[in-house]
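Those letters in the sequence shown? Residues 1 to 53, by the numbering used here. Yeah, the Cβ is synthetic: ideal placement off N, Cα and C, and Gly gets one too. The structure displayed is predicted, hence computed values, not measured ones. Remarks on the structure that follows.
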Amino acid sequence: MLIQSDAAPSGTHRTMVTDKGSFAAAHCSCGWKGPARRARDRARRDAEAHTGS
Ligand SMILES: [Zn+2]
Numbered sequence: 001m002l003i004q005s006d007a008a009p010s011g012t013h014r015t016m017v018t019d020k021g022s023f024a025a026a027h028c029s030c031g032w033k034g035p036a037r038r039a040r041d042r043a044r045r046d047a048e049a050h051t052g053s
């Protein structure tokens, strides 16, 4: 079960996926950045791996 952390309290990892042209990359409120991916789903998985969900 995957849970989006949009409503997470401050101090936790809040991830988002942003598009850069034909690539998408995950970002986190802690400053972490995932690699650019050709698929948003891949970037989202990077974010999930980062948060350990
Ligand atoms: Zn983080």
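The closest CA to that of residue 30, considering only 44, 15, 37 and 36, is found on 15. Taken through DSSP and simplified to helix, strand or coil, residue 51 comes out as helix. Taken through DSSP and simplified to helix, strand or coil, residue 43 comes out as helix.
Distance check between residue 23 and each of 47, 51 and 40 places 40 closest, using alpha-carbon atoms only. With respect to residue 38, residue 26 sits apart: the two C-beta atoms are not nearer than 8 Å.
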